[in-house]
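Okay, so here's the structure we're looking at.
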Amino acid sequence: METPVVPSVRSDCSLHDSCRTPEKDRGSRTNPMRRTIPSGLSDKTSIFTSFSELKIKEEPDDSSIPSLSAEAMTAFAQLLLVCNQSAPITLAEAFSTYCLYSSFNEDVHGNSTPGSIVKLGEGTFGEAFRAGSTVCKVVPFDGTSLVNGETQKKAEEVLEEVLLCLTLNNLRADRGDNVKENSCHGFIETKDFWVCQGPYDPSLICAWEDWDAKCCSENDHPNDFSNEQCYIVFVQADGGRDLEKFALLDYNEACSLLVQVTAALAVAESACEFEHRDLHWGNILLDRDETQDKNHTMGFTLQGKNMCTRTFGLNVSIIDFTLSRINTGDAILFLDLSTDPALFEGPKRDKQAETYRKMKQITNDYWEGSFPKTNVVWLIYLVDIVLQKRYSTFTSKDDRELRAFKKRLAKYDSAKDCLTDSFFSDLLLSDEDAQPSTA
């Protein structure tokens, strides 16, 4: 399975190589396969047997859809069930849910025009578009033709990605009185999923060609898709710009970035043994709260304890869970990176490449196992990135504090442990000041 960049919202034309997860040579036709292991089992059960154990949740609450055996339901049918569909819809139908249908205007020839649909970026996975106030990632799957030089994902792999997103969505605090043992808002909100089929809609093609004219797309033209092509559309919130393109204003914002990422990872570790395993600067989105109040805080709940941290008006969202490992409660989802040796062959002294190699050393290539230390090495990478950016507003004391923090991080075994570091003592508020995280 390919490991693409999920482009940030407001992405410009440049997808810098250093923020991309290394890709294999196009046309290699070899991809690491995501595997599902039923929770509590150590043997490498087949993906279909594993799915029979899953209880698929339609909404992040206590209600669930009864699981069905793989013999009675294919992965594609289960995917439709998760998406609350009886059959695939067209891309135009999916996008019109988030744009006023009038935005799909027609020109004098009767062809659709983009309206409010704008292409934001691309990866070998497919394309990302803005539709209204949402970001829609369109991923082709189950086709026989190569897409952007790669084998298309199978329905089983897509279903696992959907289940992983739903599990992380479950970390978002309930709007009612149901306080969760672990909750946070540090992961991008996935608002919906759609299974689609058919050719690319003319509106999307117009948006694609507009972007291509400005940025010279490396992807295949979407006209190449057949009338039978299937897609999964991930509908996500607008999280802002990625860290590569986002300029932090000062040391306070740098601290806010680090504490929010650490808190989100700590909560997900505790709730579902989550490891991101690919937390480079292209996979962290940032935005600023435009209100005048500078006493911004973010609430979260960690192992039943209500906590709160200062954010200084910075909102952080973690994205792209392609390489992630998670325990949904019914199954362990992970990507077997031992089948992708190219991931670990990046240049020496490159921070991102070295972090992949550190993960390999930590896991000893046993990728289905729980190794929260992998989250720690990405936090170390993140401190390196902040230092590397050499913000002019940082003082020599700020620089020393960050370097000392980075050195201390190496002794921790999880993000939860990292959160106890003295670096965060002035950011985390006391229990009596903290409130449960809310939507």
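With the working numbering as the guide, the letters of the sequence shown map in order to residues -7 to 431.
Don't be surprised by glycine CBs; every beta carbon is placed ideally from N, CA and C.
Next on the checklist: Could you give the first and the last residue of the continuous alpha helix (DSSP H) run that contains residue 77?
Outcome noted: Careful: residue 77 lies outside any alpha helix (DSSP H) and carries neither H nor E.
Item to check | For residue 189, the residue or residues it bridges with in DSSP | outcome: 222
Item to check | Collapsed DSSP secondary structure at residue 136 in the structure displayed | outcome: Looking at residue 136 - three-state DSSP - the assignment turns out to be coil, as it is neither helix nor strand.
Next on the checklist: Tell me which residue opens and which closes the beta strand (DSSP E) that residue 324 is part of.
Outcome noted: Element bounds for residue 324: 323 to 327.
Checklist entry - Based on the DSSP output, what are the partners of residue 294 in its beta bridges? => result 297
Next on the checklist: Once the 5 residues before and after residue 420 are set aside, which same chain residues still bring their CB inside 6 Å of it?
Outcome noted: 301
Next on the checklist: If distances are taken between C-alpha atoms only, which option among 317, 183, 405 comes closest to residue 152?
Outcome noted: 317
Item to check | Simplified DSSP assignment, three categories, for residue 128 | outcome: strand
Checklist entry - At what residues does the alpha helix (DSSP H) containing residue 395 begin and finish? => result Residue 395 -> alpha helix (DSSP H) spans 388 to 401.
Checklist entry - Going by C-alpha distance, which of 375, 225, 116 is nearest residue 81? => result 225
Item to check | Straight-line Cα distance separating residue 85 from residue 183 | outcome: 16 Å
Checklist entry - Alpha carbon to alpha carbon, what distance is there between residue 79 and residue 213? => result 26 Å
Item to check | Among 128, 192, 197, the one whose alpha carbon lies nearest that of residue 231 | outcome: 128
Item to check | Candidates 154, 249, 228, 71: closest to residue 235 by CA position | outcome: 249
Checklist entry - residue 306 to residue 403, Cα distance in whole Å? => result 28 Å
Checklist entry - When the Cα atoms are used, what is the spatial distance from residue 142 to residue 111? => result 21 Å
Next on the checklist: Does residue 239 pass the burial test, meaning 16 or more other C-beta atoms within 10 Å, or should it be called exposed?
Outcome noted: exposed
Checklist entry - Does the Cβ of residue 347 have 16 or more other Cβ atoms within 10 Å, making it buried, or fewer, making it exposed? => result buried
Checklist entry - Do the CB positions of residue 180 and residue 229 come within less than 7 Å of each other? => result yes
Item to check | Proximity to residue 392 [Cα-Cα], best of 166, 376, 405, 292 | outcome: Among 166, 376, 405, 292, the Cα nearest to that of residue 392 is on 376.
Item to check | Contained beta strand (DSSP E) runs [length at least 3] in the segment 209 to 260, N- to C-terminal order | outcome: 222 to 228
Checklist entry - Candidates 148, 113, 136, 116: which alpha carbon is nearest residue 71's? => result 148
Checklist entry - Excluding sequence positions up to five away, which residues of its chain have a Cβ less than 6 Å from the Cβ of residue 265? => result Shown here for residue 265: same chain residues with a beta carbon closer than 6 Å to its own, the five before and five after excluded, namely 319, 362 in chain order.
Next on the checklist: Check for me: the alpha helix (DSSP H) holding residue 345 runs from which residue to which?
Outcome noted: 343 to 355
Next on the checklist: If we define contact as Cβ-Cβ less than 7 Å, is residue 108 a contact residue for chain D?
Outcome noted: The structure shown contains no chain D; it holds only a single protein chain.
Item to check | Closest residue to residue 245 among 383, 115, 354 (Cα-Cα distance) | outcome: 383
Checklist entry - Secondary structure at residue 409, three-state DSSP: helix, strand or coil? => result helix
Next on the checklist: Between 271, 290, 397, 412, which has its C-alpha nearest residue 343's C-alpha?
Outcome noted: 271
Next on the checklist: Considering Cα atoms alone, identify which of 276, 158, 161, 132 is closest to residue 216.
Outcome noted: It is 132 whose Cα lies nearest to the Cα of residue 216.
Next on the checklist: On the criterion of 16 or more Cβ atoms from any shown chain inside 10 Å, does residue 144 qualify as buried, or is it exposed?
Outcome noted: buried
Checklist entry - What's the C-alpha gap between residue 358 and residue 276? => result 26 Å
Next on the checklist: Using the Cβ count rule (16 or more neighbours within 10 Å means buried), how would you classify residue 389?
Outcome noted: exposed
Next on the checklist: I'd like to confirm the pairing. Which residues does DSSP put opposite residue 289 in its beta bridges?
Outcome noted: Paired residues: 302.
Item to check | Nonlocal neighbours in the same chain, by C-beta distance under 7 Å from residue 412, ignoring five residues either side | outcome: Cβ neighbours of residue 412 beyond the five flanking positions: none.
Checklist entry - Closest to residue 74 by CA distance: which of 261, 329, 380, 154 is it? => result 154
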